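Student: Sending over a structure as structure tokens; questions will come in a sec.
Numbering (the working numbering), first residue to last: 816 to 1056.
Pasting the structure below:
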């Protein structure tokens, strides 16, 4: 919460400095005061008005408020899908913030949102009946943070298992680009490194199950210099090479 507050204050300063028409100080105050339901409602009002519906920050405040509400049992009945809706509005925010004017100010929020989504996505993948929900989740992650490589590869695995081969191939290509653009794996934030490692393992396991050992080796090799200290990755690597 403290890190989100710092990001919000920084964004507020940026708005003021660039003389933006809408500052959204009211949303900041409500969020800081942990009035998440009020913040959500007020932010939604902005998304419905002609003069503010194209602004990115109301969607971000909706996402952050829903995320905080998803942690509190008192909202469970009225906001049963708060966690999924937090992802949905994060994606809507990203579409509005085309120039990434505020995105980097909220890295702590993205890290926490990524971590929660990653845990849920992997749990869903353990159940064949959860593949559809897992696909929606990984797809949302690629929507609000397309630079994060791991969700693309997770999405590909789910698509392949759902008999969506063409879509899976496209997601693998998007993963390749995201990883290349990211540079060295060690420079990724911890949450992204963990997800990347897990995604490589799941992708390699899937490829092996289909007799595509060379494809599995190709992608496992990508993590050799960064993940060999992790027993699950090391075991997979040594079984392939």
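Glycine residues also receive a C-beta, built at the ideal position from the N, C-alpha and C atoms.
Treat the numbers as computed from the prediction; the structure is a model and nothing was measured.
(1) Using a Cβ-Cβ cutoff of less than 6 Å, which residues in the same chain neighbour residue 930 once the five nearest sequence positions on both sides are dropped?
(2) Closer than 8 Å is the cut-off here; do at least three beta carbon pairs connect the region 956–976 with the region 916–935?
(3) Apply the 10 Å Cβ neighbour rule to residue 1014 and answer buried if 16 or more other Cβ atoms are within range, or exposed otherwise.
(4) Within 10 angstroms of its Cβ, does residue 882 collect 16 or more other Cβ (buried), or is it exposed?
(5) Would you be able to state if there are at least three C-beta pairs under 8 Å between the region 837–845 and the region 867–874?
(6) Look at the alpha carbon of residue 1010 and the alpha carbon of residue 966, and state the distance between them as a whole number of angstroms.
(7) Counting along the chain, where does the alpha helix (DSSP H) carrying residue 1049 start and finish?
(8) Any idea if residue 943 is buried or exposed, counting beta-carbon neighbours within 10 angstroms, 16 or more meaning buried?
(9) Kindly indicate which three-state DSSP category residue 1038 falls into: helix, strand or coil?
(10) Would you grab the beta carbon distance between residue 993 and residue 963 for me? Rounded to a whole angstrom, and I think it's under 8 Å.
(11) Is it true that the region 883–893 meets the region 934–948, where meeting means three or more beta-carbon pairs spaced less than 8 Å apart?
(12) Please state the DSSP three-state secondary structure of residue 817.
(13) Using the Cβ count rule (16 or more neighbours within 10 Å means buried), how would you classify residue 919?
(14) What is the rounded straight-line gap between the Cα of residue 1051 and the Cα of residue 844?
(15) Which word fits residue 880, buried or exposed, when buried means at least 16 other C-beta atoms lie within 10 angstroms of its C-beta?
(16) Around the C-beta of residue 831, are 16 or more other C-beta atoms found within 10 angstroms, so that it is buried, or is it exposed?
(17) In the structure shown, what three-state DSSP assignment does residue 929 receive?
(18) So, under 8 Å CB-CB, residue 921 and residue 968 are touching, yes? Tell me the CB distance rounded to an integer number of Å.
(19) Excluding the 5 residues flanking residue 859 on each side, which residues of the same chain have their C-beta closer than 7 Å to its C-beta?
Tutor: Looking at the atomic coordinates:
(1) Taken in chain order, the residues that qualify are 1006.
(2) With a cut-off of 8 Å, the region 916–935 and the region 956–976 count as touching, because enough Cβ pairs lie within range.
(3) With a threshold of 16 other beta carbon atoms within 10 Å, residue 1014 meets it and is buried.
(4) A residue is called buried when at least 16 other Cβ atoms come within 10 angstroms of its Cβ; residue 882 meets this threshold and is buried.
(5) The region 867–874 makes contact with the region 837–845; the number of CB pairs closer than 8 Å reaches 3 or more.
(6) Computed Cα separation, rounded: 7 Å.
(7) Per DSSP, the continuous alpha helix (DSSP H) segment holding residue 1049 begins and ends at 1046–1055.
(8) In the assembly as shown, residue 943 is an exposed residue. Its beta-carbon has fewer than 16 other beta-carbons within 10 Å.
(9) Correct three-state label for residue 1038: coil.
(10) In this structure, residue 993 and residue 963 form a Cβ contact; the two beta carbons are roughly 7 Å apart against a cut-off of 8 Å.
(11) Because the criterion of three Cβ pairs below 8 Å is not met, the region 883–893 and the region 934–948 do not touch.
(12) Low local confidence applies: a pLDDT of 47 at residue 817 is under 50, so the model's placement there is unreliable, and no value is given.
(13) With fewer than 16 neighbouring CB atoms inside 10 Å of its own CB, residue 919 falls in the exposed class.
(14) About 49 Å.
(15) Buried, by the Cβ-count rule.
(16) Here the model assigns residue 831 a pLDDT of 44, short of 50, so the residue's position is not dependable, and the following value carries that caveat. Exposed.
(17) In the structure shown, residue 929 sits in a helix (DSSP, three-state: H, G or I).
(18) So it is not a contact: roughly 24 Å between Cβ atoms.
(19) Closer than 7 Å at the Cβ level, and outside the excluded window around residue 859, lie 877.
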